[in-house]
Amino acid sequence: MASPFSGHEHEHEHAMVQGPPLEKRAVPPPPTDATFKNTVLARVNAYRALHSAPAVTWDNALAQAAKTAATRCSPVHTENKPNNPYGENIYSFYLTPPSTVPNFTLWLKKGLDWWYGEVRDYYSWATDHSGQYHFTQLVWKATTKIGCSWSANQCATAHGDYYLVCEFQPKGNIAGQFGGNVLDA
Numbered sequence: 041m042a043s044p045f046s047g048h049e050h051e052h053e054h055a056m057v058q059g060p061p062l063e064k065r066a067v068p069p070p071p072t073d074a075t076f077k078n079t080v081l082a083r084v085n086a087y088r089a090l091h092s093a094p095a096v097t098w099d100n101a102l103a104q105a106a107k108t109a110a111t112r113c114s115p116v117h118t119e120n121k122p123n124n125p126y127g128e129n130i131y132s133f134y135l136t137p138p139s140t141v142p143n144f145t146l147w148l149k150k151g152l153d154w155w156y157g158e159v160r161d162y163y164s165w166a167t168d169h170s171g172q173y174h175f176t177q178l179v180w181k182a183t184t185k186i187g188c189s190w191s192a193n194q195c196a197t198a199h200g201d202y203y204l205v206c207e208f209q210p211k212g213n214i215a216g217q218f219g220g221n222v223l224d225a
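This note's numbering applies: residue 41 is where the sequence shown begins, and numbers increase by one.
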């Protein structure tokens, strides 16, 4: 069980599709890619607006931190380390066979939607929101900046691993501050 001060639960998606040979795998867009950034900002800010949270802006330093976290091939959140100033959401998936080339825009939206989807349980849980930390970080009112990145096939496993990581600042999910930062839709 995650503590209110630690990270979020790790989610997996699985897809069984055919794709091109391994040597033709696509690489995910870099965090500096305008389409990637605009997709993240549009989707995240639409969710934030539903909860009366101000729009976040893109931060390149956070995107670089997300890139570093994404290439660790670990579902363990960086924010679990002492003194980490960022909130962090991780979404991972793998495709079978590993040679499959994902549609990164589709999977980016799926990841962001997965995080927001935790809203369905948020209001039915009295005070323990540990199962909704992706959602709460996404709409945390005091958060003003975001940076995200991908890693693809960095894990040297038998299947193609993909990680989407977003870093948030100031970080959310602070015990005792949910009421003022996670507003009703």
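Where a beta carbon is used, it is the ideal one built from N, C-alpha and C, also for glycine.
W155 - containing beta strand (DSSP E), residue span = Per DSSP, W155 belongs to no beta strand (DSSP E); it is in the alpha helix (DSSP H), F144 to G157.
Under the three-state reduction of DSSP, which class applies to V205: helix, strand or coil?
-> strand
L223 by DSSP, collapsed to three states: which one?
-> coil
Is K77 helix, strand or coil by DSSP?
-> helix
Can you grab the Cα-Cα spacing for the pair D224 / L146, in whole Å?
-> 27 Å
May I ask you to list the residues that DSSP assigns as paired with G187?
-> E207
Among A74, T75, A82 and K211, nearest to L152 - alpha-carbon criterion = Checking every option, the nearest Cα to that of L152 belongs to A82.
Excluding the five sequence neighbours on either side, which residues of its own chain have a C-beta within less than 8 Å of the C-beta of V80, listed in chain order?
-> W98, L148, L152, I186, C188 and C206
Flag this pair as yes or no: are the beta carbons of N221 and G127 separated by less than 8 Å?
-> no
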